[in-house]
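The structure appears right after this line, and notes come after that.
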Amino acid sequence: MHRGSGQHYRKSARHSSWSDGGGVRPGATPQCPEPPSLTSPPAEWKIRTTLVKWPAANNKEWLQLDEDIDKIMETTGKGNVDHKLQAMCTFITTIGAERFGVTERPARKESARPNRREHKISQLRQELKTLKRQFRAASEEERNALSELRQILRRKLRRAEWHRRKGKERAKKRKAFITNPFSFTKRLLGQKKSGSLTCPVEEINHHLNITFSDPLREQDLGPCEALVKRPEPVVQFNTTEPTLKEAVMAARSSSSPGPSGVPYRVYKQCPKLLVRLWKIRKVIWRRGRVTTQWRSAEGVWIPKEEDASNIEQFRIISLLCVEGKIFFKIVSERLTDFLLKKGYIDTSLVETALTRHHVPGTITNLILDYYNDFQLRVTTGSLTPAWQRLEKGIITGCTILVPLFSLAMDMIVKSAEMATPGARAAHLLGEDELLAAKSRSLVLRKGKVADRFRFALGGTPIPTVMGKRVKSLGKVFNSSLRDSDALLQAKADHGSQQ
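Position one of the sequence shown corresponds to residue 23 (this note's numbering), numbered consecutively onward.
Written out as structure tokens, the structure is:
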């Protein structure tokens, strides 16, 4: 058993554009363009920087798009399933972009009519300009009065500007909360994260190589008798060819498309294309080998803190092909259902777990082939790093990783339970015991400190914070619950030490 066992299969490269560029007008007879070239290596795959502006779900243009692409695929979609899958994805994105357009940056809206406060601010500014001119032309006796008037107008202007700015902020936050309450609350209460990656491509490639490379990938783990082996299952694994409709309809339409550029929405609205995807999936299911397009992901750098610039201050999220996510969602549901029926759930460890839990060899080989030569590329701005082979770690958004991880951890935990009959409670040391005299109690009632209640532990009363303050990690806590008091106390202690 090896950590990276599995055969290396020849890669079918990915195309990125329709060579002929001929779109199909709605209702017109679809032309037969040349199938996309599949001779470019994966390292030369282009990044899809534009997204198709897909129509609404109730738009009748979906049916016409479905028929046109189906006719094109009927004429030009020849060859193996890898070629057909690449061609279908390219036709969908190319014809969709020509017919519906691509998403563009929203045009700047015209300034709205000023409200009452903005009109008042404009008047105050004009009055200030007038007073400034009068101040320059006035005599020494008149300048004092004009200066006082200017100060009064400036105070009014500052207050009006403050109210206008706060009103805009409230309106902006109100709109963000109504649009997405969860995201707004996360930004409000979570840590602020911003910044852009400023590292050269060489440093990014070196970091990704260290992060995802595993020099012990091919090392044999050897036998381990302590690992538990389950009995033969009564309920067999369901290896029949499932339908794709349930997996597609359950997915979110707003999910971002992966390297293929095709979102879930296309397959939800185009039944003929869904049937073609189902036929391609049937071939992949029977042959037990995953297409190269599904073993690639486009990564994006996400800052972990505010004003991030170093590569260590970023994390990676990856976008997978929708077609592959649909396929492995079915495998994940089958695997989860199989393990749940057997009560087993309350790159090499996964292989051992699948083998010991009697998962059929065809499903095991399919999963191992998927992870055998998975590649990831993370882009930032205009920089395009090299493709990195994923030899360790997890893939963000992968639908089958969750049950596999649970299965492997369940095997380790069950084996540890059999090896050790039970944990022994060690004797507690003196410092591990709870001392009531050194503890403090605090009761809040309707937001105010209440001094009516007393607590005891083992007959020993626990002092209150009101009667006896407590110091923890250099910070003093009293009944006021104010950080300003703790800050003043810390300054006083620091001054007394000097």
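Even glycine gets a Cβ: it sits at the ideal position worked out from N, Cα and C.
Exercise. Could you check which residue in C343, W84, K190, F350 has the C-alpha nearest to that of Q397?
Key: For the options C343, W84, K190, F350, the alpha carbon positioned closest to that of Q397 is the one of C343.
Quiz item: Which of helix, strand or coil does DSSP assign to E328?
Solution: Looking at E328 - three-state DSSP - the assignment turns out to be coil, as it is neither helix nor strand.
Quiz item: Which of the three DSSP states, helix, strand or coil, is assigned to A459?
Solution: Reduced to three states, the DSSP call for A459 is coil.
Self-check item: Beta-carbon spacing of D90, C292 below 8 Å
Solution: It is not a contact, given that the beta carbons lie outside the stated cut-off.
Exercise. Pick out whichever of E164, K188, L146 has its Cα sitting closest to the Cα of G178.
Key: Strictly speaking, residue 178 in this sequence is Lys, with Gly absent from that position. Answer by Cα proximity: L146.
Quiz prompt | A508 versus K490: straight-line alpha-carbon distance, rounded | solution = Looking at the two C-alpha atoms, the distance is approximately 14 Å.
Quiz item: Can you list, in chain order, the stretches of the alpha helix (DSSP H) that have 4 or more residues and sit fully within the region 123-184?
Solution: Segments of the alpha helix (DSSP H) lying fully in the region 123-184: 138-159.
Quiz prompt | Terminal residues of the beta strand (DSSP E) in which T401 lies | solution = Segment 397-401, the beta strand (DSSP E) holding T401.
Quiz item: Based on the DSSP output, what are the partners of S340 in its beta bridges?
Solution: Within the DSSP bridge table, the entry for S340 names G321 as partners.
Quiz item: What separation, rounded to the nearest whole angstrom, lies between the Cα atoms of T201 and S428?
Solution: Near 35 Å, if we compare the C-alpha coordinates of S428 and T201.
Quiz prompt | Which listed residue (V465, D432, G469, T486) has its alpha carbon closest to that of A458 | solution = Comparing Cα-Cα distances from A458 to each of V465, D432, G469, T486, the minimum goes to T486.
Self-check item: Coarse secondary structure for G217, derived from DSSP in three states
Solution: Three-state result, G217: strand.
Practice problem: State the Cα-Cα distance for the pair L341 and K347, rounded to the nearest angstrom. | Solution: For L341 and K347, the distance between alpha carbons rounds to 10 Å.
Quiz prompt | From P425, L295, G469, M488, residue whose alpha carbon lies closest to that of R356 | solution = For the residues P425, L295, G469, M488, the minimum Cα distance to R356 belongs to P425.
Self-check item: Distance CB(I434)-CB(V284) smaller than 8 Å
Solution: Going by beta carbons, I434 and V284 fall outside the 8 Å limit.
Practice problem: Measure the alpha-carbon distance for E66 versus K195 and round it to whole angstroms. | Solution: The pLDDT assigned to E66 is 38, lower than 50, so where the model puts this residue is not dependable; a value taken from the coordinates is nonetheless given after this. Going by the C-alpha atoms only, they are around 43 Å apart.
Quiz prompt | Endpoints, alpha helix (DSSP H) assigned at K294 | solution = Taken as a continuous stretch (DSSP letters only), the alpha helix (DSSP H) holding K294 covers 293-309.
Quiz item: Is it buried or exposed for T386, if we count other Cβ within 10 angstroms and need 16 for buried?
Solution: Classification of T386: buried, given that the 10 Å Cβ count is 16 or more.
Quiz item: Per DSSP, what kind of secondary structure is T261 in: helix, strand or coil?
Solution: T261: coil per DSSP, three-state reduction.
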